[in-house]
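What follows is a single structure, written as structure tokens, with notes after it.
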Amino acid sequence: MCLLQMALGIAATMVSLMLFMLTLPKEPIWIVPGFIVGFSAVFLAVVTHEFGHFLAARCCRIAVLRVRVGRWDVRILRHGWKLSRRPKIEPRLGGFVMAFMDPRGAWRRQQLWFVAGGPLANLTLAAVAGLGALLVGNGSTRGALLALAAANVCLGIANLLPTQRKAVTSDGLWLLRWWRGLDINHPQLAFMRLMGLACAGKCSDELPEKDLRLLEIQEQPMPLMALYIRLRALLVQGRWQEAMGLGIAFQAYRSSLPEALQRALYELLRLMLVELSFAEAMARRDASGLVDDLLVPRLRREYAGIWARCLALRAQLAGDEEELHRQLALGLEHAANSPDLSLEKEESRIQHCMLQSLLG
């Protein structure tokens, strides 16, 4: 089944190229435009697939955090969105929609619609493009529509095949599992449950201990995610010394990660390092570790709320009260614009504990 899925992925490109090239003049000058349109059809098919997941999530009122296609990343905010270009990790073109639903709601129905949204969007566009190709005359327009239809058919069917490759589960396998009544309390769904509760407004110190323990016995990066949640739980309670103490476990986890996984988890690792540095600065009343190099400019923009808190601490320890309050207000403003409803609550609590510790 995996081989068939790979074959369909290759066919999406090859058939699209062939169908469009056949409608072009024979002169060599048309080869480059032919390749551009053929590959564009595949890219549009991937965009359509992820947009289908996104649209289904919106219709089911599921919290969407980000949408990624290739190196292009769209971070969804409560008001607006932000587009950025990410470092290249995977050699092949792919994408995902990061969305989490509250497990206390109609989880199974929401999951079914969310998972089905991608393939349905592909097959719908394939039908529309195919119909359009029948209605137009011979020529490059018809070839482009046929290429688009072929790419979407191949991608839609490939994603409906029930396959599992390493840590990647196909839409088809998820549909099959949910259709058969997958238990929402299954141990492998612990991360989805925790993130769903967080997006619904549960702070890190309010999340179920049982699910955190389930994460800790799974393969990486789940234990690392559990450690980050525990770190945030200590921060919202103002337990700076204990939070700083988690740095030992963090270093042990990070050193045990394969190089490829470290690259994939770069953002999480840097974010945890920032929070650990903040905890240490609070515990020791020394902001010398909160250097700008902790986060590259791209991540300082993306996690502006957390970074603003670090800058506020630097300002307070330097005796700049005005900058302290300006950065704290900026941090809350950024947190309030996140679709993760727990983020605003947690930042507010961390700031409260921070001011209480610093100012008494």
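When the letters of the sequence shown are read in order and numbered with this note's numbering, they come out as residues 410 to 769.
By construction, the Cβ of each residue, glycine as well, lies at the ideal position given by its N, Cα and C atoms.
Using DSSP's beta-bridge definition, name the partner residues of residue i.
i      : result
Val478 : Trp481 and Gly504
Trp490 : Ile485
Arg574 : Val577
Ala472 : Phe509
Only counting the same chain, and skipping five residues up and downstream in sequence, which positions put a Cβ closer than 6 Å to that of residue i?
i      : result
Glu651 : Leu643
Ala535 : Ala558, Asn561 and Val562
Leu674 : Pro630
Met507 : Leu474 and Arg475
Gln538 : The amino acid at residue 538 is misidentified as Gln; the sequence shows Ala. Closer than 6 Å at Cβ, skipping near neighbours: Leu554, Leu557 and Ala558.
Met653 : Ala688, Glu689 and Ala692
Asp620 : Ala599, Arg602 and Leu603
Cys612 : Val645, Ser751, Lys754 and Glu755
Do you know offhand how far residue i's Cα is from residue j's?
i      : j      : result
Ala717 : Leu486 : 18 Å
Arg694 : Leu655 : 18 Å
Asp592 : Trp516 : 10 Å
Ala692 : Arg467 : 42 Å
Leu633 : Arg641 : 12 Å
Pro496 : Pro667 : 18 Å
Pro706 : Val478 : 22 Å
Lys732 : Gln760 : With the sequence shown as reference, residue 732 is identified as Glu, and Lys is not the correct amino acid for it. Looking at the two C-alpha atoms, the distance is approximately 14 Å.
Leu540 : Leu623 : 49 Å
Phe463 : Pro528 : 12 Å
Arg494 : Gly610 : 29 Å
Once you ignore the five residues that flank residue i on each side, which residues in its own chain have a CB closer than 7 Å to its CB?
i      : result
Phe659 : Leu636, Met681 and Leu685
Asp729 : none
Thr709 : The sequence shown places Arg at residue 709, not Thr. The answer, listed in chain order, is Trp716.
Go through its chain and collect everything with a Cβ distance to residue i's Cβ below 8 Å, but skip five positions before and after it.
i      : result
Asn531 : Ala454, Thr457, His458, Gly461, Asn561, Val562, Leu564, Gly565 and Asn568
Asp749 : Ala472, Leu474, Ala607 and Cys608
Inter-stretch contact at 8 Å, needing at least 3 Cβ pairs: the region 735-748 / the region 717-725: yes
Any 3 or more C-beta pairs closer than 8 Å across the region 506-523 and the region 596-615: yes
Validate contact between the region 474-488 and the region 572-580 using beta carbons, cut 8 Å, 3 pairs: no
Every unbroken beta strand (DSSP E) inside the region 500-548 [3 residues or more]: Segments of the beta strand (DSSP E) lying fully in the region 500-548: 504-509.
Three or more C-beta pairs below 8 Å linking the region 514-524 and the region 458-478: yes
The region 575-595 touching the region 604-618, judged by at least three CB pairs closer than 8 Å: no
Contact between the region 752-762 and the region 724-731 (3+ Cβ pairs under 8 Å): no
Inside the region 613-693 only - beta strand (DSSP E) runs reaching at least 3 residues: none
Within the region 719-756, ranges of the alpha helix (DSSP H) (whole runs, at least 4 residues): 730-745
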